[in-house]
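Undergrad:
Numbering (my numbering), first residue to last: 586 to 766.
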């Protein structure tokens with residue numbers, strides 16, 4: 586299997602430069618295989634992302650290059666794919682936890698009969714945030730992590746709960762709203 590590798594060296598100081606590069610590497614879903622060696626599945630997008638990082642690293646006084654590596658050993662490839670999936674699993678678990686938190690929030694507000702537009706706005710924002718976050722994770726889920734389907738189901742449940750909550754808010758508003766006589 587072909588992989589795109591980024592190999593680099595960055596001056597120790599200032600620390601913020603090292604952190605900025607690390608954050609960018611994590612945000613694109615690359616996997617750290619050895620110190621200062623990160624990989625992605627080889628494709629045009631990974632090449633472009635790593636080339637941008639090469640320029641960024643050079644601008645801060647570091648050295649970097651990107652190349653294609655081929656790993657012929659199927660077990661090693663499987664281990665790398667498992668590493669990618671483990672990273673995404675961590676992300677999907679967080680999504681699942683946030684979905685459970687949202688469920689509890691809807692339960693709490695329903696018990697309190699807090700069917701206000703302010704509460705609805707807050708809940709809509711939360712679900713929108715969860716879906717945006719999921720899209721970011723999905724973009725870097727190169728090997729379809731098994732937890733992805735569970736996260737999709739949890740997000741769909743959040744959407745249904747939100748819709749049910751929204752309907753109650755609108756019904757209550759119609760019942761309690763101003764009426765011309």
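Beta carbons: idealized from backbone N, C-alpha and C, even for Gly.
1. Reducing DSSP to helix, strand and coil, say where residue 764 ends up.
2. Report the rounded CA-to-CA distance for residue 701 versus residue 726, giving the unit in angstroms.
3. Could you tell me the distance, in whole angstroms, from the CA atom of residue 667 to the CA atom of residue 680?
4. Looking only at its own chain, which residues have a Cβ that is under 7 Å from the Cβ of residue 595, when we skip the five neighbours before and after it?
5. Three Cβ pairs or more, each shorter than 8 Å: is that satisfied between the region 667-678 and the region 730-741?
6. Are the beta-carbon atoms belonging to residue 591 and residue 623 less than 8 Å from one another?
7. So what's residue 683 in DSSP terms, helix, strand or just coil?
8. Helix, strand or coil for residue 725? Go by DSSP, reduced to three states.
9. Classify residue 701 as helix, strand or coil using the three-state DSSP reduction.
10. When you compare each of 736, 696 and 613 to residue 630 by their alpha carbons, which one comes out closest?
11. Pull up the distance between the alpha-carbon of residue 765 and that of residue 697, whole angstroms please.
12. Smallest Cα separation from residue 662: which of 597, 748 and 616?
13. Tell me whether residue 597 sits in a helix, a strand or coil according to DSSP, three-state version.
14. Could you tell me whether the region 739-751 touches the region 706-718, where touching means 3 or more Cβ pairs closer than 8 Å?
TA: Inspection of the coordinates gives the following:
1. Caution applies to residue 764, whose pLDDT of 47 falls short of 50 and renders its modelled position unreliable; the model cannot decide the point.
2. 37 Å
3. 20 Å
4. 602, 603, 606, 642, 645 and 647
5. yes
6. yes
7. helix
8. coil
9. coil
10. 613
11. Here residue 765 scores only 45 on pLDDT, less than 50, and its place in the model is too uncertain to base an answer on.
12. 616
13. coil
14. yes
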